[in-house]
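If you're matching them up, the sequences are chains A and B in order.
Going by the working numbering, the first residue of the first sequence is number 170, and it counts up by one from there.
Going by the working numbering, the first residue of the second sequence is number 38, and it counts up by one from there.
Here the structure comes first, spelled out in structure tokens, and everything after it is commentary.
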Amino acid sequence: MQPTLYRQMLRARSFELAVAELWRQGRISGEMHLGTGEEAVVAGVVTQLRDGDGLALAHRCAPPLVVRGVPLLPILRELLGKPDGLGGGRGGHMHLFSRAHLAGSSGIVGASLPMGAGLALAAARLRPGAIAVAFVGEGALNQGMALETLNLAAVWRLPLLVVCIDNDWSIVTRSSAVSAGTPLARASAFGWRTASVDGTDAETVYAEAGRMIDELRASRTPGPAFLLATCPRLDGHFLGDPLIRASHRPHEDGRQLIGEVVASVGQDGGGWLDRAKGMLRLAGVMARARAGADRESARDPVRRAREAMTGNTDTRDRIEAEVGQEIAGALEAALADDAAGSDA
Amino acid sequence: MTRQAAMPEYTFGKAIDAAIADAMAEDETIVLIGEDAPMLRAPLFARFGADRVMAAPISEAAFLGAAAGAAMGGLRPIVELYMVDFLAVGFDAVLNHMAKMPTFTAGTWPCPVLIRAPSGGGYGDGGQHGQSLWGMLAAIPGLTVVVPSTPATALAHDGPVILMEPKLLSAEWLEFLGSGGRTTVTYDVPAAGATGDVPQSHAVPFGKAKVCREGDDVTIVSIAVGVHRSLEAAGRLAAEGIEADVLDLRSLRPLDHDAVVASVKKTGRLLVVDEDYCAFGLSGELGAVVLEAGLSPQYARVCLEDTLPYARHLEDAALPNVERIAAAARRLAARSR
């Protein structure tokens, strides 16, 4: 295990656990989509970017920015809605941008693909050898703009690496229930070079992404590459995901939903078979949500990386101490003016 | 779709859910389409099954376009969007297809699609998730744009209808997108908009504004959350001797010209309160309405001037709030008509 990969994964995870706590405390408003579970993919890819490379992100954009080297304090200040945040406190967690890193994000599902294609076009014209990476979820590959980019980036032969993070969830619906074909087959059909990896294994991601990135850098008109990485979604679609809450605590958080469903089934409507199928499907989705969100799972990439560091416990301990210190320091600095109750 | 059963007090979202449930029970051609629809509308899914409550992929362009086609083919689709902001992804289906059917078919082929679109900010979700956009939509001939400010509403139409559901009034959306189980966040929710009685067989005609409060000094016209803010401001103004007419437009297209003109004729002053963008929207349109009627009132507007900021205190300042409304009304009232 490369110590750098473990360090970056741990930084991303620790940062987001801190963010989750700030959200729970009500210091962060609105939705909060964490990338917990995606750290091996993010670290395996983003550690290979250089100055001049572009980075197109979706709504789980903090981990790639953390790994890319965007300073933690302005990210935290942005999430807290402060004027010295990355976007002056006006953007929020789905709208984090760092021009210095050519990194942009979007809360519109699928939008990272055309954005990535554009960044790749600019890289090809202005910075030979530079590339762009776009992160996208498998659920987003059902968006027209994403499918159109599969064509556009191929015919323009762009130096674009699309990293498709496949957790089999489209918000709170199983992606397999609403998707025909497979992401890999779709990309292959447009002539993309494709590979798939276990997205919980950072070393494998690093090796495969590295091979693709090297090819993209080496050619003047390389044509795009598509890396499919499977991994779990540890904190639901967003913090407070009602599906996760209902499935973990059915008696408390699930009671209202279940009560409404049962009451509704009793009324006139479709046939009894339809209703029975409906109930079974809902129960199945809830059970899947519970299993997928298991933090003790062997599929937790950070846990897996930590175990891979057992041969090198001195380094591991040092990394953990340093990362802990870094995150705590950033958090303390971010909240420094909060003790005084300042809002600005 | 008309509400049939007696409805006691309902929350905003539940009132719409109940109207949809009744309509689906009455009319088998109604299908509900949306991302996560079986989960978000689990009671309807369990009652009507997967053929009528359809899970859509994250593909707004495809399922909005398909809804237009399905309506042409004889179904009556209800399409649920997560937010009106995401309508942008499938806008072609609305702008160039649903809305054009009445003209292109000389009125012979209706396109009965109902788009239910949560709208608006006030819970700190940023500029891509808190827009209102009804001005832009109401500009399009062929569309009907309805924006209720209370749970009492009805839906009966044969053309494409966009029903906005202000998230700040909708307890379910506010919990889903804002709180997520937290008790550590608060919102300025107008209680009169969030819950209310919904009378039996209730059908609000489109294009009929509601006079919520009467006064002779200034006309305040608004929609959705802005109605409640305006009423609160009107209460404060009354204590200062300024009496306001407050109008809730309820739908923007059709627009109740007569009600606005009648009120402004009386007061000689028009203040528009709009959570949507300021320029080229509802506020300018209402200025044109009164000018075209031959009136030349004192005029002001309190709207959203810029991209909605994420930070809650900035967002509260950017959205029309009671202080800004009252201040604008005071300035207007000081001008002679």
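All C-beta atoms, glycine included, are put in the ideal place defined by N, C-alpha and C.
Q: Could you say which of B:M61, B:D122, B:P149 lies nearest to S275 (chain A) if we only look at CA atoms?
A: As a first step, residue 275 (chain A) is located in the first sequence; it is residue number 106 there, counting from the start. Nearest to S275 (chain A) by alpha-carbon distance, out of B:M61, B:D122, B:P149, is B:D122.
Q) Among residues of its own chain, excluding the 5 on either side of D195 (chain B), which ones have a beta-carbon nearer than 7 Å to its beta-carbon? A) Here residue 195 (chain B) refers to the residue found at position 158 of the second sequence. Cβ within range, chain order: P147, P149.
Q | K245 (chain B) burial status per 10 Å Cβ neighbour count (16 or more: buried) | A | Taking the first residue of the second sequence as position 1, residue 245 (chain B) is located at position 208. Around the beta-carbon of K245 (chain B), fewer than 16 other beta-carbon atoms lie within 10 Å, marking it exposed.
Q) Which of helix, strand or coil does DSSP assign to Q494 (chain A)? A) Here residue 494 (chain A) refers to the residue found at position 325 when the first sequence is read from its first residue. The answer is helix: DSSP assigns Q494 (chain A) an H, G or I state.
Q: Please compile the residues from chain A whose C-beta is within a distance smaller than 8 Å of the C-beta of E72 (chain B).
A: Stepping through the second sequence from its first residue, residue 72 (chain B) is reached at position 35. Those are S339, I340, T342, listed as they occur along chain A.
Q | Where the beta strand (DSSP E) through R250 (chain B) begins and ends | A | Translated into the one-based positions of the second sequence, residue 250 (chain B) becomes position 213. Counting along the chain, the beta strand (DSSP E) containing R250 (chain B) begins and ends at 247-250.
Q.
For a contact defined as C-beta to C-beta under 7 Å, what are the partners of P94 (chain B) on chain A?
A. Taking the first residue of the second sequence as position 1, residue 94 (chain B) is located at position 57. Here the neighbours are N311, S339, V347, S348.
Q. Alpha helix (DSSP H) containing L412 (chain A): first to last residue?
A. Taking the first sequence and counting its residues from 1, the one referred to as residue 412 (chain A) is at position 243. Segment 411-417, the alpha helix (DSSP H) holding L412 (chain A).
Q | In chain order, each alpha helix (DSSP H) run of at least 4 residues that lies wholly inside the stretch 120-155 of chain B | A | Within the stretch 120-155 of chain B, the complete alpha helix (DSSP H) runs of at least 4 residues fall at 138-141.
**Q.** Simplified DSSP assignment, three categories, for W338 (chain A)
**A.** As a first step, residue 338 (chain A) must be located in the first sequence, where it is residue number 169. Of the three classes helix, strand and coil, the one that applies to W338 (chain A) here is strand, per DSSP.
Q.
I'd like the list of long-range same chain contacts for P63 (chain B), defined as Cβ closer than 7 Å, with 5 residues on each side in sequence excluded.
A. Within the second sequence, the letter at position 26 stands for residue 63 (chain B). Residue identity differs from the one stated: residue 63 (chain B) is Glu in this sequence, not Pro. Excluding sequence neighbours, E63 (chain B) sits near nothing in its chain.
Q.
Report the start-end ranges of each alpha helix (DSSP H) in the stretch 265-320 of chain A that is 4 residues or longer and not cut off at the edges.
A. Fully enclosed alpha helix (DSSP H) runs of 4 or longer: 281-295.
Q) In the stretch 275-295 of chain B, which residues sit with their C-beta less than 9 Å from some C-beta in chain A, listed in chain order? A) Within the stretch 275-295 of chain B, no residue qualifies.
(Q) Alpha carbons only, please: which of B:F128, B:R113, B:H166 is nearest the one belonging to H262 (chain A)? (A) As a working mapping, residue 262 (chain A) is identified with position 93 in the first sequence. H262 (chain A) has its Cα closest to that of B:H166, out of B:F128, B:R113, B:H166.
Q: Measure the C-alpha to C-alpha separation of L255 (chain A) and I496 (chain A) and round it to an integer number of angstroms.
A: Within the first sequence, residue 255 (chain A) is the residue found at index 86, counting from 1. Within the first sequence, residue 496 (chain A) is the residue found at index 327, counting from 1. Whole-angstrom Cα-Cα distance: 17 Å.
Q: Just the chain B side, please: which residues come within less than 7 Å of P411 (chain A) by C-beta, in chain order?
A: Position 242 of the first sequence, counting from 1, holds the residue named residue 411 (chain A). In chain order: F213.
Q) For M478 (chain A), which residues from the same chain have a beta carbon less than 6 Å from its beta carbon, with the 5 sequence-adjacent residues on both sides left out? A) Walking along the first sequence from the start, residue 478 (chain A) turns up at place 309. The answer, listed in chain order, is M170, Y175, R485.
Q: List the residues that DSSP assigns as beta-bridge partners of T28 (chain B).
A: Examination of residue 28 (chain B) is not possible in this model, given that chain B is present from 38 through 374 alone.
Q.
Between which two residues does the beta strand (DSSP E) holding V374 (chain A) run?
A. Here residue 374 (chain A) corresponds to residue number 205 of the first sequence, with the count starting at 1. Under the DSSP assignment, V374 (chain A) falls outside any beta strand (DSSP E), being part of the alpha helix (DSSP H) whose first and last residues are 371-387.
Q) What does a CB cutoff of less than 7 Å around A323 (chain A) pick up in its chain, not counting 5 residues either side in sequence? A) Along the first sequence, one-based indexing puts residue 323 (chain A) at 154. These residues qualify, in order along the chain: F359, G360, W361, G392, P393.
Q) Count the other CB atoms within 10 Å of the CB of L295 (chain A); is the residue buried (16 or more) or exposed (fewer)? A) Mapped onto the first sequence, residue 295 (chain A) falls at position 126. Exposed, because fewer than 16 other Cβ atoms sit within 10 Å of the Cβ of L295 (chain A).
Q: Could you tell me whether any Cβ in chain A is nearer than 7 Å to the Cβ of I53 (chain B)?
A: By one-based count along the second sequence, residue 53 (chain B) stands at place 16. So, not an interface residue.
Q.
Let me see if you follow: with CB-CB separation under 7 Å, is L226 (chain A) close to chain B or not?
A. Position 57 of the first sequence, counted from the first residue, corresponds to residue 226 (chain A). L226 (chain A) does not count as touching chain B.
Q | Which of helix, strand or coil DSSP assigns to Y47 (chain B) | A | Walking along the second sequence from the start, residue 47 (chain B) turns up at place 10. Note: Y47 (chain B) maps to strand in three-state DSSP.
**Q.** Member of B:G163, B:A98, B:T142 whose CA lies at the smallest distance from the CA of L316 (chain A)
**A.** Position 147 of the first sequence, counted from the first residue, corresponds to residue 316 (chain A). It is B:A98 whose Cα lies nearest to the Cα of L316 (chain A).
Q: Compute the Euclidean distance between the alpha carbons of L186 (chain A) and R402 (chain A), then round it to the nearest angstrom.
A: Within the first sequence, residue 186 (chain A) is the residue found at index 17, counting from 1. Within the first sequence, residue 402 (chain A) is the residue found at index 233, counting from 1. The C-alpha of L186 (chain A) lies about 14 Å from the C-alpha of R402 (chain A).
Q) Along chain B, in chain order, which residues have C-beta atoms closer than 8 Å to that of E185 (chain A)? A) For this step, residue 185 (chain A) is matched to residue 16 along the first sequence. Those do not exist, as E185 (chain A) stays about 15 Å from chain B at its closest Cβ, beyond 8 Å.
Q.
Run through chain A and tell me which residues come within less than 7 Å of Y160 (chain B), C-beta to C-beta.
A. Against the second sequence, residue 160 (chain B) aligns to sequence position 123. From the beta-carbon of Y160 (chain B), the residues of chain A found nearer than 7 Å are S198, G199.
**Q.** Closer than 7 Å to chain B by CB, H202 (chain A)
**A.** Stepping through the first sequence from its first residue, residue 202 (chain A) is reached at position 33. Chain B places no beta carbon closer than 7 Å to that of H202 (chain A), leaving this residue out of the contacts.
Q | Contacting residues, own chain, Cβ-Cβ under 6 Å from A309 (chain A) (five flanking each side not counted) | A | Within the first sequence, the letter at position 140 stands for residue 309 (chain A). Excluding residues within five positions, the ones whose Cβ falls inside 6 Å are V278, G279, A315.
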